[in-house]
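Enquirer:
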Amino acid sequence: MEPSPIKATKPKATKTEIAKAKGAAGKKKKKSEVLLPGQTFIYQPNRVTNGRFEQFTLTQYKLLASLIYQFQKAIQLDMEGRDWRQLEMFSNEENKDLIRVGIPLHTIGKPNQYKEIVEQATGLMNAKTYLKSQLGADYISVASLVTKIDIPVKENGMSVLYLHMYKDVAKLLIEIDKKQLDNGKAQPVNFTRYLYEVALSATNKYTLKLYMLLCSWRQKGEFFIPLEQLYKDLGLEEGEYKKFFDFKRRILLPVQADLEGVADCWFDCNERGFEVKKGRSVIGLNFKVITQKRLQDKSEQADHCRYILRDHMKFSQKQLEELEPIFREQFFMQEIQVKILELIDHVRKNTQTITNPQAYIIKSLLNAFASKG
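Each residue of the sequence shown is one higher than the one before, starting from 1 at the first, in the UniProt record's numbering.
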């Protein structure tokens, strides 16, 4: 049974600070970046980002992020082409095949949730993970992350949970693909960078999975995923959400609310073109990765479009306000600008038939952009 949401803290960010950051984000009318205090970027291979974690709970996803956080020194060494196995963490005299990772309970939740955290950690021994195998595209590695757990007899604010795992499993979480360069050096590729604080502050068990996917596509700005694949990646059971409306209401919108204005990137279910349909059925989703920088760039492009219309077509402020619905578009400003230039050229060539060029341009732009959902 899924436990109640556990709000997390980290030594760099107090519970009060996180609550204030989220509260401030909720009060803002416009989308803006209100990152959680103590920004700690962590890295992981894309096989983890794209992996499937069978029936993971919110707490188990946070424990996964904590494992990745504890592996950062090893991951950095691997990215630099150095031997991470020499780290003290991987020198287990008792059992050379196992490693032990300590996770302070206070980084995952509140004191009254410690017993629940321990129970969820114990469940990791039976939870299966499906990761891309290092043997190649023809294989998938199926493993349990944790083999043994040492739990405190009595939990308190100083308690540490010790997770034991096989080194071969840790290797899947640590080693990042490399691309050989012409100079003989190896460049790390296929990895994801995301904020540890965002992972720990999640209140929805699907937030971390979608957040990691967004971060892996941040540079390209968007990605398409078939709905059936997304259901599997989120660990949903077959037929669990037969209607897309329910999936959007129960999963997508809560995750969007979890990330929007708090994380360094997020998505918007109401973006034009988000839902890809075949007939009346949604078959896939186009995720636009929203960042504060992209919002700023799009705002500047919208200002330039207004300038073009004022300078070249003598638009009044009232006429520009009629176009605000499309100027608020976040990912189509370049297409809008191209369309404006085409329309200006068209009305100039057809002055005899187009007697009111401003009205013609307004109607054409609204028909082309505002009417499409």
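Glycine residues also receive a C-beta, built at the ideal position from the N, C-alpha and C atoms.
Opposite LEU131 in the DSSP bridges: which residues?
Expert: Bridge partners of LEU131: SER141.
Enquirer: Could you pull out every residue in the same chain whose Cβ sits closer than 6 Å to the Cβ of PRO45, ignoring the five residues on either side in sequence?
Expert: ILE176 and PHE191, listed in sequence order.
Enquirer: Going residue by residue through the segment 171 to 239, where are the continuous alpha helix (DSSP H) segments of at least 4 residues, counting only ones entirely within it?
Expert: As far as the segment 171 to 239 is concerned, its whole alpha helix (DSSP H) runs of at least 4 residues are 196 to 201, 207 to 216 and 227 to 233.
Enquirer: In three-state terms, what does DSSP make of TYR241?
Expert: Reduced to three states, the DSSP call for TYR241 is coil.
Enquirer: Going by DSSP, what residues sit across from TYR43 in a beta bridge?
Expert: Bridge partners of TYR43: ARG193.
Enquirer: Would GLY81 be called buried (16 or more neighbouring beta carbons within 10 Å of its own) or exposed?
Expert: Exposed, since its Cβ has fewer than 16 Cβ neighbours within 10 Å.
Enquirer: Looking only at its chain, what residues have a beta carbon closer than 7 Å to the beta carbon of GLN39, apart from the 5 residues adjacent to it on each side?
Expert: If we look at GLN39 and ignore the five residues flanking it on each side, its Cβ neighbours are LEU195 and GLU197.
Enquirer: Can we say the segment 108 to 121 touches the segment 151 to 171, given the rule of at least three CB pairs closer than 8 Å?
Expert: Counting Cβ pairs under 8 Å, three or more are found: they touch.
Enquirer: Taking its Cβ as the centre, do 16 or more other Cβ atoms sit within 10 Å of THR107, making it buried, or is it exposed?
Expert: The residue in question, THR107, is buried, as its Cβ has 16 or more Cβ neighbours within 10 Å.
Enquirer: In three-state terms, what does DSSP make of ARG249?
Expert: The answer is helix: DSSP assigns ARG249 an H, G or I state.
Enquirer: What do you reckon, are the CB atoms on ALA359 and LYS339 nearer than 8 Å?
Expert: Their beta carbons are not under 8 Å apart, which means ALA359 does not touch LYS339 by this criterion.
Enquirer: If you run the structure through DSSP and keep just helix, strand and coil, what is ASN286?
Expert: In the structure shown, ASN286 sits in a strand (DSSP, three-state: E or B).
Enquirer: Excluding the five sequence neighbours on either side, which residues of its own chain have a C-beta within less than 8 Å of the C-beta of GLN256, listed in chain order?
Expert: TRP266, PHE267, ASP268 and CYS269, listed in sequence order.
Enquirer: Specify the secondary structure class of THR353 as computed by DSSP and reduced to three states.
Expert: Of the three classes helix, strand and coil, the one that applies to THR353 here is coil, per DSSP.
Enquirer: Would you decide whether LEU181 is buried or exposed? Buried here means 16 or more other CB atoms lie within 10 Å of its CB.
Expert: Per the 10 Å Cβ criterion, exposed.
Enquirer: Use the C-beta contact count for ILE362: other C-beta atoms within 10 angstroms, 16 or more gives buried, fewer gives exposed.
Expert: Label assigned to ILE362: buried.
Enquirer: For ARG85, does the three-state DSSP call read helix, strand or coil?
Expert: Helix at ARG85.
Enquirer: Would you give the residue range spanned by the beta strand (DSSP E) that ILE99 belongs to?
Expert: Taken as a continuous stretch (DSSP letters only), the beta strand (DSSP E) holding ILE99 covers 98 to 104.
Enquirer: Does the count of Cβ pairs from the segment 310 to 324 and the segment 351 to 358 closer than 8 Å reach three?
Expert: The segment 310 to 324, when compared against the segment 351 to 358, does touch it at the 8 Å Cβ threshold.
Enquirer: Taking the C-alpha atoms as reference points, what is the distance between TYR43 and LEU210?
Expert: Rounded to whole angstroms, TYR43 to LEU210 spans 16 Å at the Cα level.
Enquirer: Helix, strand or coil: which one does DSSP assign to VAL146?
Expert: Looking at VAL146 - three-state DSSP - the assignment turns out to be coil, as it is neither helix nor strand.
Enquirer: Just verifying my parser: in three-state terms, what is the DSSP assignment at LEU323?
Expert: LEU323: coil per DSSP, three-state reduction.
Enquirer: Quick one: Cα of PHE71 to Cα of ASP246, how far?
Expert: Those two C-alpha atoms are separated by around 37 Å.
Enquirer: Per DSSP, what kind of secondary structure is ARG294 in: helix, strand or coil?
Expert: Of the three classes helix, strand and coil, the one that applies to ARG294 here is helix, per DSSP.
Enquirer: Which residue's Cα is closest to the Cα of THR129: ASN156, TYR114, ALA137 and ALA170?
Expert: If we check each option's Cα against that of THR129, ALA170 comes out closest.
Enquirer: Apart from the five residues on each side of it in sequence, which residues of its chain come closer than 7 Å, Cβ to Cβ, to CYS215?
Expert: THR192, ARG193, TYR194 and CYS265, listed in sequence order.
Enquirer: Consult DSSP for THR9 and reduce its assignment to one of helix, strand or coil.
Expert: Residue placement at THR9 is flagged as unreliable, the pLDDT there being 42, under the threshold of 50; the coordinate-derived value follows with that caveat. In the structure shown, THR9 sits in coil (DSSP, three-state: anything other than H, G, I, E or B).
Enquirer: Per DSSP, what kind of secondary structure is GLN256 in: helix, strand or coil?
Expert: In the structure shown, GLN256 sits in a helix (DSSP, three-state: H, G or I).
Enquirer: GLU119 lies in the beta strand (DSSP E); which residues open and close that run?
Expert: Segment 114 to 123 is the alpha helix (DSSP H) holding GLU119; no beta strand (DSSP E) there.
Enquirer: Less than 8 Å separating the beta-carbons of PRO188 and MET89?
Expert: For PRO188 and MET89, no; Cβs fall outside 8 Å.
Enquirer: Evaluate residue 428 with the Cβ neighbour count: other Cβ atoms within 10 Å of its Cβ, from every protein chain shown; 16 or more gives buried, anything less gives exposed.
Expert: No information on residue 428 is available, as it lies outside the stretch 1 to 373 that the chain covers here.
Enquirer: Which one or two residues does DSSP pair with LYS278 in a beta bridge?
Expert: For LYS278, which the question treats as bridged, DSSP gives the partners SER281.
Enquirer: Can you tell me whether MET158 is buried or exposed? The criterion is at least 16 other CB atoms within 10 Å of its CB, across all chains shown.
Expert: By the 10 Å Cβ count, MET158 comes out exposed.
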